[in-house]
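As structure tokens, the structure follows; a few thoughts come after it.
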Amino acid sequence: MNRVQGTVVRGRGSQKSRLGGEMVFVLIVLASLLIAGLLPSFLAQQDPWRTGGPALAAPGGEYLLGTDQLGRDVWSRLVHGARTSLLVGGLATLIALVLGGMVGLLSGTLGGWIDELLMRLAELVDTVPGLLLALLVITLIGAGIWQVALVIGLTGWTGLARVLRSRLVSIREEEFVVGARALGMSEARVAFKHMLPLAWPALLALLPFRLEGAILLEASLSFLGLGDVSRPSWGGMLQDAQPYLRQAWWLVVAPGTALAITLFALSLLSDHLQRLSNPRLRQLGKA
Amino acid sequence: MFTYATRRILLAIPLLLGIAALNFLLVSTAPGDPVIYLLADSSDPGLVQTLRQRYGLDQPLWERFGAYVGSLLQGNLGQSITQGRPVLEAILERIPASAILAGAALLIAAGLGIPLGLWLAKLSLYKPRLERSTFLAVLLGTGLPPFLLGQLLILLFALHLGLLPTNGMYSVRGTPEGLSRFLDLLLHLILPALTLGLQPLAAIARITRAQALEVMGQDFVTTARAKGLSERMVHIKHVLRNALPAPITLLGLSSGHWVGGAVITETVFAWPGLGRLAVESTLARDYPLVIGVILVGAIGVILGNLIADIAVAGLDPRVRYE
Amino acid sequence: MKRVFCFVLVMLFGTVLAQNRVLVAATNNEPPHLNPAITTAGNVNTVAGSIYSGLVGLDANANPVPELAERWEVRDNGKTYVFFLRQGVRWHDGQPFSAADVKFTFEEVLLKFHARTRAGLEGTLTRIETPNANTVVFRFANPYAPLLRRLDNIEAPIIPRHLYQGSDPLNNPVNQRPIGTGPFKFGEWQRGQQVVLLKNENYWRQGFPRMDRVVYRFIPNSSAAAAALERGEIDYLWGVGGADVARLRQVQTVRLERNPAGAGGSYCISTLVPNLRNQYLKNPRVRQAFYHAINREFILERVNFGQGRVARGPIASTLPFFDPNIPSYAFDGERANQLLDAAGFPRRAGGMRFQIRFTFAPSNFGSLGDVLKDQLRQVGIDLVLEPLDFNAAVDKVYVKKDFDLGVASLCGGPDPDIGVKRLLTSKNIGPIAFSNGSLYVNPLVDALLDRAVQTVEDERRIAIYRQLQQAVARDLPYFWLVETEGFRGYRSAVQGIQIWRSNAFENATVGDN
């Protein structure tokens, strides 16, 4: 028993520094993504839309990461693709956050029939399998990145709303909230001043998860021929690459690695945030 | 429990009607027309008119809506426009394939994900470094889009190693009987089930791990240990029991994945499930069929959640059926 | 573990060897039903072609050869056709085939629901007579030259009267379990997976077919289908994906064959459809510039993987009706720029002259949009991509007419009357899919089209169609890009597949590989 405790304590010291190292990695990834998204031409001089280069040229030489079937520069498309993926993912997450936040807040603080109604609505959205609904809607309204982001956002808010609501409901009964209410504070004030600050970390922890889901769904829609073809995106690049899996590995490896690293960093971040937002886990860390 | 389940199922009926109605409006007001599909590449005004009348497409929207909801209330899903036969018939044929694939993937996800999560949680107490790297590997595994994963698996196991078939549910040459038919199915099932199950596996492992860690820090576990219960007993009796509800609930909530997410897997492996039917009928604007498949998917989700809730309640005596 | 696998494989292989007269053919597109008389959809014909027969077949050069009709006579200068039917032919359910089946199929089904047969025969076919059980007479109002090329089992499959009479042919259950007269009869349909056909022991052509079973396997993903061919899980693959051609060439057990024309002598041309009411595209000089700005060789090479030929007009260059002397509008950016300047659309700030929307389905035309966008911006035309699914794109371009530029794969048969006329005649402007989508009106073209149908001698018809191609090439109501061709792949053990026929497997065999 003591031995075990000892290991745990010793392990925890190095765990802290390693977590720090992981966060540095996350920061580096996110920073490079941001640079690529905001200033793509800074990182890649070639025009990502220019066709006419040699087909399927291997990496190295004139083309850092090779070319695709149309002779376009893969590195350039990768860098410009970061913007599309971030845009779709970010926008979808934002829509989901706003919707989920509003629904969760109303449901969790007001309760009663509003809560009932909103939760039924969430159930309705959740009951239709997400990809099927996305498939249907995109088929019907077209495949621009705005549409894709909208669909992903509209189907992705329910989880956020539920988490926020359940957090708020449990906080609602805590002593200091009950106390504040007893002191005559208005419902809205109690909600914003006392409940939300405690509840929102849980919501935040889910965000990278949402972003990850959005980027993956965008890739899946591209695979079904329903992505936005007018600008490069990692999902679209992966979809274009799949017939060349064995002839031109770089077409798969480049966007695949970029996507995997990004999702990995987001997962790490979400894991970390979840740890921070969960008081019990935090306690375990302090013990 | 039985009355609870019945009540939940009865409550689901208006929900399903709502879904059907919403989707009908969505599909009917959108661009595209089943007649375009039926015409293939030909152009013929007379035929267009004949077909539009035939399928009531020349009627105003609200009349078609009324007729559709009316027949739905009588339990009739309508007639498929493209296949020329009842929607129910077209859907029922596909359910076994979908159920087998989903079941196998679920088995992989839960059967491997839950032990992995528990193991990780335990490991974090003894060997945090190993735990962390394993956990990171699990995270990395979630980042691969299923269509790529599927093709990589085909490349490796079918073409490179020559061990497994590339497509379909059964071998194409000769239909073996009895046990060898079952083995044939199993061989065909491995790669698609892996493709569909890997992402949920990682998610399950993740949430089980988090939950187990949380449980381990709680007073009753410490008390149990202090009472002199062996580590193994502590794990089985308390940790497992209290950590399980979270992954089970997650499985229930994500049951949409087993229906919707299978679209990609079915496409890569030519698996004859409902997902392909959903894609094909959407592209053809076969409205009754599209809505039928979505309804079946929704029923799957409702049942998945119901089963998960019942399982959780069985594990935790504190949970009561409301 | 590996041992278990080997054991299983041996067991499975055992069953494979037991039934080696099976041909497995794969396609990416599962048909919704198997009644080829109510649709012109290619996926239905792919499978139903082996089950049904037509009155007349087509040989490799698209010449009529006997099928259900043993011989025929053309009378009254092409106004009357008499077909003498083969005797003793039976439907797959054992019922005798007769002239009544032919009359029923045409009058009750083909002329009502088969778009191309309707378009060709409606109005001009006045009567079908059956003087006895083995003779069918077609009577026309005017001489009708193309008839013999429109009677194969894609254009006019004969279906059983005894099973369809008095029913709704669109919803008849026989559509799911077809009964035909062809070389193979229906066995089983595992939806989403495969259709199994069995040898028709009573097929009228003695000694055929040579396989016991044909299995049509549906594999939606083309890379997976190529992998299945490479592994020998399938014997034959319609339409090898362009990206897979190069790799499959390296595989020793696989052979690839180019098919110059599809079944029934048909061809397809990927064609841009400009809206001639668009403020820019209505200008002929803009259209000429547009055509000059597009590098069709590049599109053929990179988008179509070299499968096909550069297209120059509405009639495929493989047909005798094609006119090799029409202007070709070679790729020439400088000329395009001059024409656009002269048309009064100078480059503005930013280098662009004007904007054109391109409404298309990426699932069908792949990266064509990316290529066109890049090529056209070189001459200052800003192409805005509007990707939609196929159905919505067709709806927007053809039905709603809410478009600037669309694209379609336009297919025609061995006779230009099938397929070409509908695109060019001003009578076919309306909210109808694959009609005269660019809204083209030229009275000379209308007159030539009418004259061609009523002329019987091939020489004179060729002259008329050449005149037509000259007029159309001047006006440019469409931009023809590529005459697309496909590669079909098969295991080298497979022999005798007749790709020009819709019942391609009548003569096929699979040896030991």
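Residue numbers (my numbering), protein chains in the order written: chain A, 1 to 287; chain B, 288 to 609; chain C, 610 to 1122.
Ideal Cβ placement from N, Cα and C applies to all residues, glycine included.
Per-residue DSSP class, three states only, for residue i
i                 : result
Ile990 (chain C)  : strand
Asn868 (chain C)  : strand
Thr744 (chain C)  : strand
Tyr63 (chain A)   : strand
Leu379 (chain B)  : helix
Ser170 (chain A)  : helix
Pro996 (chain C)  : strand
Leu124 (chain A)  : helix
Gly796 (chain C)  : strand
Ser1101 (chain C) : coil
Gly953 (chain C)  : coil
Phe616 (chain C)  : For Phe616 (chain C), the predicted structure reports a pLDDT of 48, less than 50, and the residue's modelled location is therefore unreliable. The matter cannot be settled from this model.
Glu1092 (chain C) : strand
Ala635 (chain C)  : strand
Gly623 (chain C)  : Below a pLDDT of 50, predicted positions are generally treated as unreliable, and Gly623 (chain C), at 44, falls in that range; no measurement from the model is reported.
Gln815 (chain C)  : coil
Phe963 (chain C)  : strand
Interface flag, residue i vs chain C, CB-CB below 9 Å
i                : result
Gly20 (chain A)  : no
Thr369 (chain B) : yes
Glu609 (chain B) : Bear in mind that a pLDDT of 47 at Glu609 (chain B), under 50, signals an unreliable position, so the model cannot answer this.
Arg246 (chain A) : yes
Tyr457 (chain B) : yes
Val588 (chain B) : no
Ala55 (chain A)  : yes
Thr139 (chain A) : yes
Gln242 (chain A) : yes
Leu207 (chain A) : no
Gly560 (chain B) : yes
Neighbour flag for residue i against chain A, beta carbons, 9 Å
i                 : result
Ile477 (chain B)  : no
Ser976 (chain C)  : yes
Thr495 (chain B)  : no
Leu585 (chain C)  : Outside the displayed span of chain C (610 to 1122) sits residue 585 (chain C), for which this structure offers no information.
Ala565 (chain B)  : yes
Asn1000 (chain C) : yes
Gln438 (chain B)  : yes
Ser972 (chain C)  : yes
Ala1042 (chain C) : no
Chain A contact residues for residue i, given Cβ-Cβ distances below 9 Å
i                : result
Asp979 (chain C) : Trp49, Thr51, Leu70, Arg72, Val229 and Ser230
Below-9 Å beta-carbon distance, residue i vs any chain B residue
i                 : result
Leu268 (chain A)  : yes
Asp126 (chain A)  : yes
Val1008 (chain C) : yes
Leu203 (chain A)  : no
Glu123 (chain A)  : yes
Pro766 (chain C)  : no
Chain-ordered chain B contacts of residue i [CB-CB under 8 Å]
i                 : result
Lys1005 (chain C) : Pro318
Interface partners of residue i on chain B, CB under 7 Å
i                : result
Pro129 (chain A) : Gly543, Val546, Gly547, Gly584 and Val588
Proximal chain A residues relative to residue i, where beta-carbon distance stays under 7 Å
i                : result
Ile431 (chain B) : Checking the sequence shown, residue 431 (chain B) turns out to be Leu, not Ile. Under the 7 Å cutoff, chain A gives Ala260.
Within chain B, partners of residue i - CB distance below 9 Å
i                : result
Val912 (chain C) : Simply none; closest approach about 20 Å.
Per-residue contacts from residue i into chain A (C-beta, under 8 Å)
i                : result
Ile491 (chain B) : In chain order: nothing, as chain A lies at least about 14 Å away.
Residue i: contacting residues in chain C (beta-carbon distance under 8 Å)
i                : result
Thr554 (chain B) : Pro829 and Asn830
Cross-chain neighbours of residue i in chain C, by beta carbon under 9 Å
i                : result
Gly142 (chain A) : Glu995, Pro996, Leu997, Asp998 and Ala1001
Leu216 (chain A) : Residues of chain C passing the Cβ test: none, with the nearest at roughly 19 Å.
Neighbour list for residue i in chain C, Cβ cutoff strictly below 7 Å
i                : result
Thr293 (chain B) : Near Thr293 (chain B) there are no residues of chain C at all, since even the closest Cβ is about 33 Å away, more than 7 Å.
field: Whole runs of the alpha helix (DSSP H) within the region 637-713 of chain C, excluding any shorter than 4 residues
entry: Those alpha helix (DSSP H) runs which fall completely within the region 637-713 of chain C and span 4+ residues are 651-657 and 708-713.
- request: Entirely within the region 520-596 of chain B and at least 4 residues each: give me those alpha helix (DSSP H) ranges in chain order.
  value: Whole alpha helix (DSSP H) segments, 4+ residues: 532-540, 549-556 and 561-571.
- request: Taking only beta carbons into account, state which residues of the region 772-805 of chain C come closer than 8 Å to chain B, listed in chain order.
  value: Per Cβ criterion, the list reads Leu779, Asn780, Asn781, Pro782, Asn784, Gln785, Gln799, Arg800, Gly801, Gln802 and Gln803.
- request: Give, in chain order, every unbroken run of the alpha helix (DSSP H) that is at least 4 residues long and sits entirely within the region 21-49 of chain A.
  value: Whole alpha helix (DSSP H) segments, 4+ residues: 40-43.
Within 7 Å of chain B by C-beta, residues of the region 20-35 of chain A in sequence order: Listed by position, the residues of the region 20-35 of chain A near chain B (Cβ gap below 7 Å) amount to none.
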